[in-house]
Amino acid sequence: MATLRVLYVDHVSEIGGAQRSLLEMLAAMDRSLVHPTVVCRGPGRFSTELAALGVEVFFYGTELVGKVAAYAPHLIHSNAFRAIPLSLNLARMRNTVCIGHCRDMVPMWERNALQSSAAADYLIAVSSAVKRRLATVVPYQKIVVIYNGVDTRKFAPTVKGAHLRQAWNVRGSEVLFGVVGQVIRWKGHLDFLYAAKMVVDDGLPCKFVIVGDSLFNSGEFKEELKTLVSTLGLSDRVVFTGFRDDMPAVMAALDVLVLPSWEEPFGRVVVEAMSSGRAVIATNAGGIPEVVIKNVTGLLVPPRDPCALYQAMATLARSEGLRRRFGALGRKRAVERFSIKEHVAKILYLYENALGARR
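Residue numbering for the sequence shown follows numbering that gives the first Met the number 0, beginning at 0 and increasing consecutively.
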């Protein structure tokens, strides 16, 4: 296959799960096969990390159309559902293939946006749960499920996280539970804190960490969480780390990764934890049950149920053996099913098919 010029289009300038997934994919992509360029809203952490990978970046603005014309992409790949309209407009100008990457559980009240996305040649769904949501409006044959991939060499049981446990004042005997990701209400941080309170009241030797920040909002919810921590009397048990760029070490520091989301399209952090050999607790919502095998690689609980979450956390707090078993089997599943190498191969196969259909 000749080198393809692929234009990736995003709608933000900071790094959330979608942007992290694109960065991981581009880092693993063979540049003899794909020459990538990325469009994003403006300068920020995202463009800085893209530049570190040697990827050229175009920003939104009056010069964008001219820059895209000069680049002359063979294919345009929208990195997020909300970037599909711009991607489609650019693809029409270039008369080229457009692929939309749907990394969200798009709400049904956005039905018009869902319908307009059907103009793309293909839509990538990050889980079968996302595909089912899209298929209520978009022709089923246009939707391809490609799970996110992680670098299983980078996220590995051999990575050290002791320095972070020390920085967070976690004693050797304490079990560390962590929620990792954007600090936003639907991620379930409130449920995590209420469950943490019940764990502490049980007298179990545990600490809790919230890793991440309020990326695309004012930060009011994070302040609400800090107030709740104080109200619950957990100030000496809960650490807020803010944004971190050392995720392999973060996963290595945890004993248990908790993902209490109300609805989750895939759950990238769950795969990162599994690849790191860590036990996971997650809600059985959205695409998570496609990643976590219940009672084999982790525990699944109903969303918005702090009591069920507490019971799962207490179970793992009391059993190091169960944590180790889940971690070992989770690592095996991550390597076999969710490697970045397999992800890139499926993306390239889709590019080839999409371009072939246009010839």
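Even glycine gets a Cβ: it sits at the ideal position worked out from N, Cα and C.
Residue pairing from DSSP places Pro35 in a beta bridge opposite Val5. The distance from the Cβ of Ala333 to that of Val149 is about 7 Å, consistent with a contact at the 8 Å cut-off. Per DSSP, the beta bridge partners of Ser338 are Val149. By the beta-carbon neighbour count (other beta carbons within 10 angstroms, threshold 16), Leu52 is exposed. A straight-line Cα-Cα distance of about 27 Å links Ile14 and Ala68. In this structure Leu233 is in contact with Leu192, their Cβ atoms being roughly 7 Å apart against a cut-off of 8 Å. Distance from the CA atom of Gly99 to the CA atom of Arg81, rounded to whole angstroms, is 9 Å. In the displayed model, Thr226 falls within a helix according to three-state DSSP. Look at His188 here: in three-state DSSP terms it is helix. With respect to the 8 Å criterion, Trp167 and Val208 are classified as neighbours on the basis of their beta carbons. The criterion of a C-beta distance shorter than 8 Å is satisfied by Val237 and Val228. In this structure, DSSP gives His162 a helical state, which the three-state scheme calls helix.
In the three-state reduction of the DSSP assignment, Val210 falls in the strand class. The alpha-carbon of Arg110 is positioned some 40 Å away from that of Met197.
For secondary structure counted as the alpha helix (DSSP H) over 4 or more consecutive residues, the stretch 276 to 304 holds these complete runs in sequence order: 287 to 290. Note that the C-beta distance between Pro156 and Ser275 is below 8 Å.
Exclusion of the five residues before and after Glu341 leaves Gly148 as the residues of its chain whose Cβ lies within less than 8 Å of its Cβ. If you draw a straight line from the Cα of Arg322 to the Cα of Ala316, it is about 8 Å long. Note that the C-beta distance between Val179 and Val210 is below 8 Å. When C-alpha distances from Ala118 are compared across Val137, Ala194, Leu214, the shortest belongs to Val137. Of the other Cβ atoms in all chains shown, 16 or more fall within 10 Å of the Cβ of Arg164; this residue is therefore buried.
A residue is called buried once 16 or more other Cβ atoms fall within 10 Å of its Cβ, and Cys306, having fewer, is exposed. The DSSP-derived three-state label of Tyr70 is helix. Beyond the five residues adjoining it in sequence on each side, Ala281 comes within less than 7 Å, by CB distance, of Leu258, Gly266, Val269, Ile287, Val291, Gly297, Leu299 in the same chain, given in chain order. The beta carbon of Pro72 sits closer than 7 Å to the beta carbons of Arg4, Val5, Leu6, Arg93, Thr95 from its chain, once the five residues preceding and following it are set aside; these are given in chain order. Taking C-alpha positions only, Phe337 is separated from Tyr146 by approximately 7 Å.
Here Pro247 has Lys153, Phe154, Val158 as same chain residues with Cβ atoms under 6 Å from its own Cβ, once five neighbours each way along the sequence are excluded. Pairing Tyr348 with Leu74 gives a Cβ-Cβ distance that is not under 8 Å. Residue pairing from DSSP places Tyr121 in a beta bridge opposite Ile98. Taking a 10 Å sphere around the C-beta of Gly65, we find fewer than 16 other C-beta atoms and assign the residue as exposed. A distance below 8 Å separates the beta carbons of Leu253 and Gly177. When Asp235, Thr230, Asp200, Gly241 are compared, the shortest CA-CA separation from Gly218 is found for Gly241.
Leu203 and Ala195 have their C-alpha atoms some 10 Å from each other. Counted as a single uninterrupted DSSP element, the stretch harbouring Gly177 is not any alpha helix (DSSP H) but the beta strand (DSSP E) occupying residues 174 to 179.
In this structure, Arg330 sits near Met273, with a CB-CB distance shorter than 8 Å.
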